[in-house]
Amino acid sequence: MIRKARAVWRGTGRDGDGDLTTDSGVLKSSPYSFKTRFENEPGTNPEELIAAAHAGCFTMQLAFLIQRAGAAAEKLETEAAVSVVPDGEGFKIDRSALTLKAKVPGMDQAKFEELARTAEKVCPVSRLMNAEITLDLTLEA
Numbered sequence: 003m004i005r006k007a008r009a010v011w012r013g014t015g016r017d018g019d020g021d022l023t024t025d026s027g028v029l030k031s032s033p034y035s036f037k038t039r040f041e042n043e044p045g046t047n048p049e050e051l052i053a054a055a056h057a058g059c060f061t062m063q064l065a066f067l068i069q070r071a072g073a074a075a076e077k078l079e080t081e082a083a084v085s086v087v088p089d090g091e092g093f094k095i096d097r098s099a100l101t102l103k104a105k106v107p108g109m110d111q112a113k114f115e116e117l118a119r120t121a122e123k124v125c126p127v128s129r130l131m132n133a134e135i136t137l138d139l140t141l142e143a
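Residues in the sequence shown are numbered from 3 upward in steps of one, following the working numbering.
Next up, the structure:
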């Protein structure tokens, strides 16, 4: 399986702009720039897309693990917050903080935590990241 995305950039780093496109069409010439990345202007940025990828990957991995355990999630809701910090002459992502709220009828807290911790470690995006990953989880009754 190979997934592709393309970036096009025009101009300088600070004053230029670009767009991102994915083969699936979910992103189609989606604009990004210095201002969308570092100044919170509307638009996307690579770190936001990494956060979305991490939240989505972890949540789907957990759904598979819950299914394998003989249960089904009523709802899994995950937020991923990636932290970008200065690093030498550039920046790096040093942390992805996952916050999970879940409703899994019939599953006890201990089993749920075991499955969530496993999903955190084995989802492909977690394996890709060279950053600290934290997980705060809540299992609703």
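Glycine included, C-beta positions come from ideal geometry on N, C-alpha and C.
- Spatial neighbours of M109 in its own chain (CB-CB distance under 6 Å, excluding positions within 5 residues in sequence) are listed in chain order as A73.
- Between K105 and E81, the C-beta spacing is not below 8 Å.
- In this structure, R119 is the residue among G92, T14, R119, A7 with its C-alpha nearest to the C-alpha of F60.
- Separation of L102 and E134 (C-alpha to C-alpha, rounded to the nearest whole angstrom) is 17 Å.
- Nearest in C-alpha terms to L137, of all of M62, A99, D89, is A99.
- A check of alpha carbon separations from R39 across E50, K30, L29, D96 identifies E50 as the nearest.
- Exposure of I4 is indicated by the presence of fewer than 16 other C-beta atoms within 10 angstroms of its C-beta.
- G58: member of the alpha helix (DSSP H) spanning 48-70, first to last residue.
- Taking C-beta atoms under 8 Å as the contact rule, L117 and L64 qualify, at a distance of about 6 Å.
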